[in-house]
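Chains as they are written, first to last, in this note's numbering: chain Y, 1 to 114; chain B, 115 to 227. The beta carbon of each residue, even a glycine, is placed where N, CA and C say it ideally should be.
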Amino acid sequence: SAVISQKPSRDICQRGTSLTIQCQVDSQVTMMFWYRQQPGQSLTLIATANQGSEATYESGFVIDKFPISRPNLTFSTLTVSNMSPEDSSIYLCSVGAGLNYGYTFGSGTRLTVV
Amino acid sequence: AQSVAQPEDQVNVAEGNPLTVKCTYSVSGNPYLFWYVQYPNRGLQFLLKYITGDNLVKGSYGFEAEFNKSQTSFHLKKPSALVSDSALYFCAVRDRSNYQLIWGAGTKLIIKP
């Protein structure tokens, strides 16, 4: 299965600033997913990022707040813009490895906005 | 609407006893079913999946799950629990018509020595 390197692992940011989270995959993958997770709770899908096209955002998430880049088949970034304390959460990237395989996750970015 | 239910927020089991973490789903057609585990301050790790074939699926760390189509369930089981199994467990289902996973709320598994 694919191996994902996600950076940073954690950060403490001032409100009003932006943070860019990076995910590097060791193999080419078509689809990448970005999730948000409150500690101890379930995952909420933010968007699906396909190479060469704009990301598809889920209800409640907008591109101005969470811009995503997908410049190639091994890399993607998620930016959390104009942060507020409500954005404090764990952000996870994920890739699918084909229809018959499970999904692999990055180790997550724990974001605290103060 | 597609959904996944994990009816238990927490499951407590004594070390050495069998454990079961429950999952039921609602999705049109035949689903892909997954179990993931999340240890504290860690990302999600894939445990096992059901795609097709044998209803009993064996996965990592001695876990297994049984797909029951009539009951729309995919319960996670292990014959003998270890303290190190204590973690947060998520069931997920993927509709075969798209690539997105539908996640359960998670079940916290606590194994007591």
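When Cβ pairs closer than 8 Å are counted between the two stretches, the stretch 65-73 of chain Y is seen not to touch the stretch 176-184 of chain B, the count staying below three. Against chain B, the CB of Gln41 of chain Y has a partner CB under 8 Å away; the residue lies at that interface. Chain order gives no chain Y residues near Gln124 of chain B, where near means a beta carbon separation below 9 Å; the closest approach is about 11 Å. Annotation for Lys226 of chain B: Asn126, Val127, Ala128, Glu129 and Val197 place their beta carbon closer than 8 Å to its own, counting only its chain and skipping 5 residues before and after. Interface residue (Cβ-Cβ distance to chain B less than 8 Å): Thr77 of chain Y is not classified as such. Counting along the chain, Cys205 of chain B sits inside the beta strand (DSSP E) bounded by residues Ala201 to Arg208. Leu170 of chain B has a beta carbon lying at 8 Å or more from every beta carbon in chain Y. Our two residues, Val29 of chain Y and Ile4 of chain Y, have alpha carbons roughly 11 Å apart in a direct line.
Closest in alpha carbon position to Val62 of chain Y, among Y:Gly52, Y:Thr74, Y:Leu78 and Y:Asn50, is Y:Leu78.
For Glu58 of chain Y, there is no enclosing beta strand (DSSP E), as DSSP gives it neither H nor E. For Leu147 of chain B, the closest of B:Tyr153, B:Leu223 and B:Phe204 by C-alpha to C-alpha distance is B:Phe204.
The three-state secondary structure of Val25 of chain Y, taken from DSSP, is strand.
Between the stretch 116-126 of chain B and the stretch 2-16 of chain Y there are fewer than three inter-stretch CB-CB distances shorter than 8 Å, so the stretches are not counted as touching. Straight-line spacing of the CA atoms in Pro154 of chain B and Gly102 of chain Y works out to 21 Å. For Gly96 of chain Y, the uninterrupted beta strand (DSSP E) segment begins and ends at Ser89 to Gly96. Asn131 of chain B and Thr17 of chain Y have their C-alpha atoms spaced approximately 50 Å apart.
The contact set of Tyr203 of chain B on chain Y, defined by CB atoms closer than 7 Å, is empty, because the minimum CB distance reaches about 11 Å.
A straight line joining the alpha-carbon of Ala201 of chain B with that of Tyr150 of chain B spans about 10 Å.
For the pair of segments examined, the stretch 22-38 of chain Y was found to touch the stretch 47-54 of chain Y: the number of CB pairs separated by less than 8 Å reaches three. In terms of beta-carbon proximity, Lys163 of chain B lines the interface with chain Y, with at least one pair separated by less than 8 Å. Under the three-pair Cβ rule at 8 Å, the stretch 217-224 of chain B does not count as touching the stretch 169-176 of chain B. Chain-order list of chain B residues neighbouring Thr104 of chain Y: Phe160, by C-beta distance under 8 Å. Note that the C-beta distance between Ser94 of chain Y and Thr104 of chain Y is below 8 Å. For Thr77 of chain Y, the enclosing beta strand (DSSP E) has its first and last residue at Phe75 to Val80.
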